[in-house]
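Written out below as structure tokens is the structure these notes cover.
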Amino acid sequence: MDWLVQMLGLPESYLSKGEGGGVIQGSASEAIVTCMVAARERMIRKCCERLEGEEKERRIAQTKGKLVAMGSDMVHSASPKGALIASTLYYSIPVKAEDGFALTRKGLRTALKEQEEKGRIPYYCTVTLGATATCAVDVFKEIAEVKKEYPDLWIHVDAAYAGAALVCEEYQHHAKYFGEFDSFNFNMHKWLLVNFDASCLFVRHRHDLISALTITPSYLLNPSAISGQVTDYRDWQIPLGRRFRALKIWFTLRSYGVSGLQHHIRRTIKLGEFFADLIKGRSDLFNIITGPSFALTVISVVPPKKTEQQKLVNGEVNDFIPDAEQQHREEANAVTKQVYEAVNARGEVFLTSGVIAGNYAIRVVSANQNAEEKWVKRAFELLVEEAEKVHSQA
Ligand SMILES: Cc1ncc(COP(=O)(O)O)c(C=O)c1O
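Count along the sequence shown from 1, add 1, and you get the number used in the working numbering.
In structure tokens, the structure reads:
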């Protein structure tokens, strides 16, 4: 895990030689809920320090009911699910297309103030490097400024997919402010050539995890644990037992080397750019909603142009109708869904979809080890064929 800190250009505070360290877990969802529990316990300790006995118990119960976790409305569902499991409230912060769907200082600050005005206690926030739907990146510099005003708010960086890109120096600027945050997680099994599952979680203060998750019954006591000679990862995670995931990570690192991993990331990002360029060349058929970003391009299909006769039937005089924008969106959503389903029904490539700010979207990612230019081109051709079919039927 210390090798990974160096390889990804993460802050030194995540190294095990200081107060931090890393632990390999099974999934980003597991990492998120683990951090939420640690954050919850840290906040409860803070709110109830110096109290004793029943008074303390009462205050703990009151505090628990007020705790709220948050994240932008682009975060993966693992965050609201984490709050569900940690049994706290959750608030989803709206983000805007004009900000690239990123969480900003203003967005976070407004949400924190709103929650406080409601009597709630914000204790945890997920920020994202590479949101699932769009690969959006939150504005870490601004979030780090807000963290200074709210030092007890646990900030977790969810980089489940795109964190792998940090292996290349040209993406490491994203990690510049991670030293201000409490934890960071990325899945090596998503884009960094390790078999499922290998989710790497790093914390700045391992004490936060250990003090929340340590329970030592007599049957787990042994001289090494008592002397502190070994790191007991059961205190850094939910289960007691662990798989030996470090071995497959070790094999991957030693087989590819850092340069091999960099080559893989750069090659697949380039393929994403190649796909986006093809799409740009057919602006009569497609719109790019976001990207290419970390090999992901998110597109919608342009609705077919209406004939003068159709416009007359619809009552669209001089191209003007009062709710033109809404109507255009509905038409685009319908044709995008139609093309998406038609391409997948052919069974040659399998694309995924999503809804971004009310827009139905097709998501194309080239981050697979076996991705090649010819397959990416073929996916584009299939999209063109099906979009042209829809246009010709209009
Ligand atoms: C940004 C992000 N976070 C979390 C997850 C959840 O990952 P896991 O299946 O490891 O829980 C995903 C999965 O796609 C993701 O893209």
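Just so you know, even glycine gets a beta-carbon here, dropped at the ideal spot from N, CA and C. In this text, all values refer to a predicted model and were calculated from it rather than measured experimentally.
| said: Please determine whether the Cβ atom of Tyr125 lies at a distance below 6 Å from any heavy atom of ligand 1. | reply: No, Cβ of Tyr125 sits at least 6 Å from all heavy atoms of ligand 1.
request  = Return yes when the C-beta of Asn369 is under 6 Å from any heavy atom of ligand 1, and no when it is not.
outcome  = Not one heavy atom of ligand 1 is found less than 6 Å from the C-beta of Asn369.
**Study point:** Sheet register partners of Leu297 (DSSP bridge)
**Key:** Answer by DSSP bridge pairing, in chain order: Ser294 and Val366.
Ligand 1 and Thr269: does any heavy atom of the ligand fall closer than 6 Å to the residue's C-beta? Outside the cutoff, so no.
Open item on the list: Given a cut-off of 7 Å on the beta-carbon distance, is the pair Cys201 and Leu11 in contact?
Closed with: Result no, Cβ atoms of Cys201 and Leu11 do not sit closer than 7 Å.
### Message
Any contact between the segment 203-213 and the segment 262-269? By contact I mean 3 or more CB pairs, one from each, below 8 Å.
### Response
The segment 203-213 vs the segment 262-269: no contact.
| How about Ala161: is its Cβ closer than 6 Å to a heavy atom in ligand 1? | Checking every heavy atom of ligand 1 against the Cβ of Ala161, one is found closer than 6 Å.
Is there at least one non-hydrogen atom of ligand 1 closer than 6 Å to the beta-carbon of His175?
Every heavy atom of ligand 1 is 6 Å or more from the Cβ of His175, so no.
Is DSSP giving Lys361 helix, strand or coil here?
According to the sequence provided, residue 361 is Tyr. The question's Lys does not apply to it. Look at Tyr361 here: in three-state DSSP terms it is strand.
Backbone CA spacing between Arg347 and Tyr341 [nearest angstrom]: Computed Cα separation, rounded: 10 Å.
Given a cut-off of 7 Å, decide if Ala98 and Asp482 are closer than it, judged by their beta-carbon atoms. Outside the displayed span of the chain (2 to 395) sits residue 482, for which this structure offers no information.
Note to self: Any beta carbon of chain D sitting closer than 7 Å to that of Val168?
What the structure shows: No chain D is present in this structure, which holds just one protein chain.
Taking all protein chains shown into account, decide if Phe245 is buried (16 or more other Cβ within 10 angstroms of its Cβ) or exposed. The residue is exposed, with fewer than 16 neighbouring Cβ atoms inside 10 Å.
Query raised in the report: So, helix, strand or coil for Met71, using DSSP?
Result: Strand, per DSSP.
- Whose CA, out of Leu272, Cys169 and Ile156, lies closest to the CA of Phe182? The option with the nearest alpha carbon to Phe182 is Ile156.
Closest to Ser367 by C-alpha separation, out of Thr111, Glu31 and Thr298, would be which residue? Taking each of Thr111, Glu31 and Thr298 in turn and checking the Cα distance to Ser367, the smallest one comes out for Thr298.
**Asked** With a CB to CB cut of under 8 Å and the five nearest residues on each side skipped, what residues in its chain are close to Lys249?
**Response** Same-chain partners within the cutoff: Val195, Asn196 and Ala199.
How would you label Leu68, buried or exposed, when you count the other beta carbons within 10 angstroms and need 16 or more for buried?
By the C-beta density criterion, Leu68 is buried, having at least 16 other C-beta atoms within 10 angstroms.
For Arg51, does the count of other Cβ atoms within 10 angstroms reach 16, so buried, or fall short, so exposed? Looking at its Cβ environment, which holds fewer than 16 other Cβ atoms inside 10 Å, Arg51 is exposed.
Exercise. In this structure, what does DSSP give as the bridge partners for Ser93?
Worked result: Beta-bridge pairing links Ser93 to Gly72.
_Delimiting residues of the alpha helix (DSSP H) encompassing Ile227_ = First-last of the alpha helix (DSSP H) with Ile227: Pro224 to Ser228.
**Q.** Assigned secondary structure, Thr129 (DSSP; H/G/I helix, E/B strand, else coil)
**A.** Thr129 falls in the strand class under three-state DSSP.
- Task: Can you tell me the Cβ-Cβ gap for Thr127 and Ile357, rounded? I've got them flagged as a contact below 8 Å.
- Result: With a contact defined as Cβ atoms closer than 8 Å, Thr127 and Ile357 miss out at about 18 Å.
- Going by alpha carbons, who is nearest to Thr337 out of Lys375, Glu115 and Thr353? Nearest option by C-alpha distance: Thr353.
Same chain only: Cβ atoms within 7 Å of Thr215, ignoring 5 sequence neighbours per side: The residues are Asp236.
Problem set entry | Cutoff 8 Å; reference Gly23; Cβ partners in own chain excluding five residues on either side | Taken in chain order, the residues that qualify are Met2, Asp3, Leu5, Val6, Tyr15, Ser17, Cys201, Leu202, Phe203 and Val204.
* **Reference Leu210; option with closest CA among Glu274, Leu113 and Ile33** => Of the candidates Glu274, Leu113 and Ile33, Ile33 places its Cα closest to the Cα of Leu210.
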